[in-house]
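Participant:
Residue numbers (the numbering used here): 56 to 119.
(1) Can you find a CB in chain B that lies within less than 8 Å of the CB of residue 73?
(2) With residue 102 as the anchor, note down where its alpha helix (DSSP H) starts and where it stops.
(3) From residue 107 to residue 64, what does the alpha carbon distance come to, in whole angstroms?
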């Protein structure tokens, strides 16, 4: 199990080296954005505070 954990850490580090921050943010927005678009009818019934909780991680990444 320890070898598997080590390899996961190594893969994670390799990905970090190859992808810059902007690429990762764009990927995140595309994946999360598509989920939000698909679920829009459900999200439309959320309260304002509920929507803010969903949007906070995206806004934090955008401001970095």
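For each residue, glycine too, the CB sits at the ideal point set by N, CA and C. These numbers were taken from a predicted model, which means no experiment stands behind them.
Facilitator: Taking the geometry as given:
(1) Protein chains in the displayed structure number just one, and chain B is not present.
(2) For residue 102, no alpha helix (DSSP H) encloses it, and the DSSP letter there is neither H nor E.
(3) Roughly 32 Å separates the two Cα atoms.
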